[in-house]
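**Q**
Numbering (this note's numbering), first residue to last: 1 to 194.
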């Protein structure tokens, strides 16, 4: 095989493996739209939560697959403290004792654990550095034309650091606050579905 056909075959194979939209650095509206379309990814990291005088820290693994999500929050010494499963509008929580809780009670358990109702429908978008579509928001861009701060659904989200992941600049450090509740997230890895 000569060089030209080999290059074409390689280009086609690479295109088939692409999992993220091409970066659109400097064009925030196009970048926002591309990132809002992401629907298959996994984030791992550490989370610290402060709610008034209460607080905790531990590991976080969030796997998004379309309208479904698996969110595992681990305690500081390992072991799943809370496992949240979302499938469209339905929600199930499994606590550290293995008890399965569904529906509104699952939302109440999550709220007690975190200290505030988590805006889970919006959070999946905030984690990739964009506002959730379909509701009002106010955004502030940094000098690098990336989202620096976002106000939506009663929460303030600050993006303090980005890192390269699969050819994109994605959030690496995120701070979320609403009232007395503050969450800090340090991302250790991103993985994208083929």
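All C-beta atoms in this analysis are idealised placements derived from N, C-alpha and C, irrespective of residue type, glycine included.
Does the count of Cβ pairs from the segment 32 to 39 and the segment 51 to 59 closer than 8 Å reach three?
**A** Flag = no, the segment 32 to 39 and the segment 51 to 59 do not touch.
**Q** Closer than 7 Å by C-beta to residue 186: which residues in its own chain qualify, once you throw out the five before and the five after it? Chain order, please.
**A** The residue given as residue 186 occupies position 186 in the chain shown. Closer than 7 Å at the Cβ level, and outside the excluded window around residue 186, lie 45, 46, 173.
**Q** Taking the alpha-carbon positions, what's the residue 98 to residue 84 distance?
**A** Residue numbering aside, residue 98 sits at position 98 when the chain shown is read from its first letter. Residue numbering aside, residue 84 sits at position 84 when the chain shown is read from its first letter. Answer to the nearest angstrom: the Cα atoms are 12 Å apart.
**Q** If you measure between the beta carbons of residue 114 and residue 101, is that distance less than 8 Å?
**A** Here residue 114 refers to the residue found at position 114 when the chain shown is read from its first residue. Here residue 101 refers to the residue found at position 101 when the chain shown is read from its first residue. No, the Cβ-Cβ distance between residue 114 and residue 101 is not below 8 Å.
**Q** For residue 141, count neighbouring C-beta atoms within 10 Å of its own C-beta (all shown protein chains included) and say buried if the count is 16 or more, exposed if not.
**A** Numbered from its first residue, the chain shown carries residue 141 at position 141. Under this definition residue 141 is an exposed residue.
**Q** At the level of alpha carbons, what is the spacing between residue 14 and residue 131?
**A** Taking the first residue of the chain shown as position 1, residue 14 is located at position 14. Taking the first residue of the chain shown as position 1, residue 131 is located at position 131. Note that residue 14 has pLDDT 37, beneath the 50 cutoff, so the model's placement of it is unreliable and the number below is only indicative. So the two alpha carbons sit approximately 30 Å from each other.
**Q** Just how far apart, CA to CA, sit residue 61 and residue 105?
**A** To locate residue 61, count along the chain shown from 1; it is residue 61. To locate residue 105, count along the chain shown from 1; it is residue 105. Cα to Cα, the separation comes out at about 22 Å.
**Q** For the beta strand (DSSP E) containing residue 93, name the first residue and the last one.
**A** Start at 1 with the first residue of the chain shown, and residue 93 comes out as number 93. Taken as a continuous stretch (DSSP letters only), the beta strand (DSSP E) holding residue 93 covers 90 to 95.
**Q** If you draw a straight line from the alpha carbon of residue 119 to that of residue 70, how long is it in whole angstroms?
**A** The residue you call residue 119 lines up with position 119 of the chain shown. The residue you call residue 70 lines up with position 70 of the chain shown. Approximately 15 Å between the Cα atoms of the pair.
**Q** I'd like the ranges of any beta strand (DSSP E) spanning at least 3 consecutive residues and lying wholly in the segment 141 to 184.
**A** Segments of the beta strand (DSSP E) lying fully in the segment 141 to 184: 147 to 152, 155 to 165, 168 to 178.
**Q** Can you give the Cα-Cα distance for residue 149 and residue 161, rounded to whole angstroms?
**A** By one-based count along the chain shown, residue 149 stands at place 149. By one-based count along the chain shown, residue 161 stands at place 161. Residue 149 and residue 161: Cα-Cα distance of roughly 11 Å.
**Q** Taking residue 114 as part of the alpha helix (DSSP H), name the residues at either end of that continuous run.
**A** Within the chain shown, numbered from 1, the residue matching residue 114 stands at position 114. Counting along the chain, the alpha helix (DSSP H) containing residue 114 begins and ends at 103 to 114.
**Q** Looking only at its own chain, which residues have a Cβ that is under 6 Å from the Cβ of residue 156, when we skip the five neighbours before and after it?
**A** Position 156 of the chain shown, counted from the first residue, corresponds to residue 156. Exclusion of the five residues before and after residue 156 leaves 177 as the residues of its chain whose Cβ lies within less than 6 Å of its Cβ.
**Q** Rank 135, 143, 164, 63 by C-alpha distance to the C-alpha of residue 43 and give the top, closest one.
**A** Translated into the one-based positions of the chain shown, residue 43 becomes position 43. The option with the nearest alpha carbon to residue 43 is 63.
**Q** Taking Cβ to Cβ, would you say residue 129 is nearer than 8 Å to residue 170?
**A** Taking the chain shown and counting its residues from 1, one reaches residue 129 at position 129. Taking the chain shown and counting its residues from 1, one reaches residue 170 at position 170. It is a contact, given that the beta carbons lie within the stated cut-off.
**Q** Near residue 180, what residues of its chain come up, given a Cβ to Cβ distance below 7 Å and the 5 sequence neighbours on each side ignored?
**A** Taking the first residue of the chain shown as position 1, residue 180 is located at position 180. Counting only Cβ-Cβ distances below 7 Å, and skipping sequence neighbours, we find 51, 52.
**Q** What do you get for residue 31, buried or exposed, if any count of 16 or more other CB atoms within 10 angstroms of its CB means buried?
**A** Position 31 of the chain shown, counting from 1, holds the residue named residue 31. Around the CB of residue 31, 16 or more other CB atoms lie within 10 Å, so the residue is classed as buried.
**Q** Cutting at 6 Å between CB atoms, please list the residues of its own chain near residue 68, excluding the five before and the five after it.
**A** As a working mapping, residue 68 is identified with position 68 in the chain shown. Cβ neighbours of residue 68 beyond the five flanking positions: 87.
**Q** Do residue 206 and residue 49 have their C-beta atoms within less than 8 Å of each other?
**A** With the chain covering only 1 through 194, there is no way to say anything about residue 206.
**Q** Straight-line CA distance for residue 91 to residue 28?
**A** Locating residue 91 in the chain shown gives position 91, counting from the first residue. Locating residue 28 in the chain shown gives position 28, counting from the first residue. The straight-line gap from Cα to Cα measures roughly 33 Å.
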